[in-house]
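Numbering (the working numbering), first residue to last: 10 to 145.
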């Protein structure tokens, strides 16, 4: 039998093929091959679990980043509003109660008036209900 390889052609006899078959029937080599195969499968399984965990962590971090970006954009909008002349004047008038020349400031507080309590009508119980309450 002629065996072709990258390095050339080799003649393999039937005895050589039987010897190659004996390599795979050797129990020690079969056990070693099985152990190596099991170790490879376990290592690939662990690495796939690590990949899944890393993907989940990456997704969580991306969500946190998106929330942080939204918060930053909201705060930047608040800064722009606070730097506006109209909002500055509103703060001066509302919080500090300052006025322009010729203006009068009147501060109205939230005063809540108490409503007159309505008297609750007393319900007189009948004599039978009184006896029922006393005895039972």
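All C-beta atoms, glycine included, are put in the ideal place defined by N, C-alpha and C.
A quick note: this is a predicted structure, and the numbers were derived from the prediction, not measured.
Determine, using beta carbons only, whether residue i and residue j come nearer to each other than 8 angstroms.
{"i": "residue 90", "j": "residue 96", "result": "yes"}
Between residue i and residue j, how many whole angstroms is the CB-CB distance? I'm expecting something under 8 angstroms.
{"i": "residue 108", "j": "residue 116", "result": "About 11 angstroms; that fails the 8 angstroms criterion."}
Please list, in chain order, all residues of the same chain as residue i whose beta carbon is under 6 angstroms from its beta carbon, the five residues on each side excluded.
{"i": "residue 24", "result": "Because residue 24 sits at a pLDDT of 49, beneath the cut-off of 50, its placement in the model cannot be relied upon, and the point is left open."}
{"i": "residue 82", "result": "none"}
Below 8 angstroms CB to CB, which residues in the same chain sit around residue i once its five sequence neighbours on both sides are set aside?
{"i": "residue 138", "result": "none"}
To which residues of the same chain is residue i closer than 7 angstroms at the C-beta, ignoring the five residues directly before and after it?
{"i": "residue 101", "result": "107"}
{"i": "residue 50", "result": "none"}
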